[in-house]
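Residue numbers (this note's numbering): 79 to 171.
Given below as structure tokens:
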């Protein structure tokens, strides 16, 4: 039986069952690593034995990047909402 997916809340980093948050690279480093994995996969020299591991790693990295983007969007929305609330309270006085 496969892994049960772990759902995350905004602000909570994506961490796979195999990794901790400390194991995950920064957003930019993760994207760079995904690019490297894609280049290897697209080359004729792809080692089939490593293929599954590389695809799994790319999946973890992409989920991590998506989580970082969602977290950033959530935080921006919080700031905008707080600013809008402050503006409304200031203008209403």
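Ideal Cβ positions, reconstructed from N, Cα and C, are used throughout, including at glycine.
- Here residue 138 is buried. Its C-beta has 16 or more other C-beta atoms within 10 Å.
- Using a 10 angstroms sphere on the CB of residue 142, the tally of other CB atoms reaches 16 or more, which defines it as buried.
- The beta carbon of residue 115 lies closer than 7 Å to those of 132, 135, 136 in the same chain, with the five residues before and after it left out.
- The DSSP assignment places 105–120 as complete runs of the alpha helix (DSSP H) inside the stretch 98–159, in order along the chain (cut-off: 4 residues).
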